[in-house]
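In case it helps, our numbering puts the sequence shown at residues 59 to 442.
Using N, Cα and C, we set each Cβ at its ideal position, and we do this for glycine too.
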Amino acid sequence: MKSNAGFVGFDGTENKRTVLALDAVKNAAGIGGDLNVLLRQPHGRAKNTLSKFVRLCDVKAYVTNDADKARWEGAGFSVQGGYEDFFEDSDFIMVGTPGDQETPYVEAGLAHGCTVSLMGGAHRKKIMAALQEKGVEISDSLKADFEREFFFGLENYEMFLKAKPQVIQCTSCNTTGISRASLAARPLGLKMILGNIDRRQGDPHTVVRASPSAVSIGKGVGHQGTDAGTVFEEVAYSIRASKIPTTVPHTSFLDFVFDGDVTPEDLIESMAKTREVVVFPYVDEAGRKHEWTSEILEAFLSGFERPICPEIFELLVSDSIIPVKLGDYTILQVAMMVEQMSIAVPNHVESYLLSAGYSAEKVHSIVDEALNCVHGVWPDRLST
């Protein structure tokens with residue numbers, strides 16, 4: 059099997075992790091083909107990232123604008139071709155540009171017969187409207203592609219495989235976290251999730267332009283719960299997303315509403331059995347508290363030697379769950395953490411395997427083993 063993968067916005071927050079992850083998974087799955095990246099203007103971070111990828115993954119570089127070709131070659135890089143060549147030479151495209159910049163790449167990918175994978179949070183209605191304005195025919199099947207959320211933890215892979223989508227909408231980081239938690243809670247009688255996401259306002263490489271006391275309170279529900287509702291149609295979601303002037307992580311304070319009697323221990327056990335979910339003890343066996351998000355992230359990372367780099371692919375859930383009884387319902391108040399930079403990466407590489415027609419039989423295990431993703435209770439009850 060051979061399938062060339064192309065990356066737009068290759069040096070972006072999530073895509074520069076997806077390139078390395080996809081290379082590891084592609085090799086583990088025995089899929090041949092090149093890794094292609096589309097270059098824009100050369101700047102320091104892009105040049106450093108490209109140099110790393112050429113060394114580690116032997117990526118092939120293409121330029122968006124022919125005028126930049128000489129500048130990239132002058133910096134010591136080999137350029138394979140131009141904008142149209144990039145799409146012609148790629149079977150799969152991962153679009154990792156900032157929001158509202160995806161449309162031209164979606165249009166070009168579709169025109170060249172590529173499977174186009176979008177990172178979470180893409181404004182799909184705007185993209186479809188823009189494509190229609192450009193004369194692109196939106197068939198019923200393409201419209202359906204834009205309306206689906208590809209969350210592999212639901213094991214909806216077979217459905218997507220049969221649909222053979224032209225566009226694959228991956229879940230965003232917070233939607234991924236909510237979906238994994240929903241998957242764990244659904245067998246216990248989950249009816250609804252409501253609450254607030256403290257959404258980080260900046261990335262580590264940016265300056266957060268706000269004082270530590272400045273919080274932007276989200277108005278209305280965010281897309282995260284709405285998107286999760288397209289995956290778990292039987293669960294109701296009402297989740298606000300507020301912006302917090304910090305870099306890592308996103309922290310969700312959510313109320314899980316269950317029909318009947320459910321204990322915190324029930325949810326902890328189900329979470330620990332769910333793919334790419336790790337439960338963190340508030341107080342460990344030695345009596346040490348794990349109450350600060352920064353300490354929890356550091357503690358989790360310190361025990362890992364990832365084959366790529368020490369990324370956090372897992373949803374981290376505190377076992378400090380507060381139960382509330384309300385009539386025939388049980389409400390469990392849960393705090394959980396999402397690392398924006400990497401939690402959705404397994405979903406991205408699964409969309410590549412889907413585009414390559416990879417069978418569903420081994421896809422879960424091959425991704426988790428190649429990326430060393432774990433689940434269970436930290437630190438002594440973890441497994442791949």
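Classify Val341: buried if its beta carbon has 16 or more other beta carbons within 10 angstroms, exposed otherwise. exposed
May I have the straight-line CA-CA distance separating Ser199 from Ser413, to the nearest angstrom? 16 Å
What is the DSSP secondary structure of Tyr295, reduced to helix, strand or coil? strand
When you compare only the Cα positions, how much space is there between Asp313 and Lys222? 36 Å
By how many angstroms is the C-alpha of Gly154 removed from the C-alpha of Asn73? 6 Å
So, helix, strand or coil for Pro303, using DSSP? coil
Alpha-carbon to alpha-carbon, Ser230 and Asn405: 9 Å
Out of curiosity, what's the CA-to-CA distance linking Glu196 and Lys249? Before going further, note that residue 196 is Ile rather than Glu in the sequence given. Cα to Cα, Ile196 sits roughly 35 Å from Lys249.
Best match in Pro303, Ala286, Cys228 for proximity to Asp256 [C-alpha to C-alpha]: Pro303
I think Ala119 touches Phe135, with their Cβ atoms under 8 Å apart; what is that distance to the nearest whole Å? 6 Å
Ile275 - DSSP class collapsed to helix/strand/coil: coil
Buried versus exposed call for Gln99 [16 or more other C-beta atoms within 10 Å across all chains shown]: exposed
Output the distance between the C-alpha atoms of Met186 and Val289, rounded to the nearest integer angstrom. 20 Å
For Thr332, count the other beta carbons within 10 Å of its own beta carbon; 16 or more makes it buried, fewer makes it exposed. Which is it? buried
When the Cα atoms are used, what is the spatial distance from Ala166 to Val174? 10 Å
Rounded separation between His308 and Val66 - CA only: 25 Å
The beta strand (DSSP E) with His308 in it runs from where to where? 308–317
For Asn94, which of helix, strand or coil comes out of DSSP? strand
CB-CB under 8 Å to Ile108, same chain, minus the five flanking residues each way: which ones, in chain order? Looking at the sequence provided, one finds Leu at residue 108 rather than Ile. The residues are Phe68, Asp69, Val95, Leu97, Val117, Ala119, Phe135.
Name the DSSP bridge partner or partners of Ser175? Met152, Ile226
Looking at C-alpha atoms only, which residue of Val320, Val337, His348 is the closest neighbour of Pro381? Val320
Alpha carbon to alpha carbon, what distance is there between Glu427 and Ala393? 27 Å
Boundaries (first-last residue) of the beta strand (DSSP E) holding Val375: 373–376
Using beta carbons (cut-off 7 Å, strictly below), is Asp319 in contact with chain B? Protein chain content of the structure displayed is limited to a single chain, and chain B is not contained in it.
Note the first and the last residue of the continuous beta strand (DSSP E) segment covering Asn430. That residue, Asn430, is in no beta strand (DSSP E); it is neither H nor E in DSSP.
Distance cut-off 6 Å: Val289 Cβ against heavy atoms of the ligand ATP: Among the components of this structure there are no ligands whatsoever, and the ligand ATP is therefore not found.
So, is Leu384 buried or exposed, given that buried needs 16 or more other C-beta atoms within 10 angstroms? exposed
Where the beta strand (DSSP E) containing Tyr163 begins and where it ends: Element bounds for Tyr163: not the beta strand (DSSP E) but the alpha helix (DSSP H), 161–169.
Exposed or buried, what is Met59 when buried is set at 16 or more other beta-carbons lying within 10 Å of its beta-carbon? exposed
According to DSSP, is Phe145 part of a helix, a strand, or is it coil? helix
Among Leu189, Pro339, Phe150, the one whose alpha carbon lies nearest that of Asn170: Note on identity: in this sequence residue 170 is His, with Asn being the wrong assignment. Of Leu189, Pro339, Phe150, the residue nearest in Cα terms is Phe150.
Taking the alpha helix (DSSP H) that Gly102 falls in, what are its first and last residues? 102–115
Can you name the residues that DSSP bridges to Ala63? Leu93, Phe150
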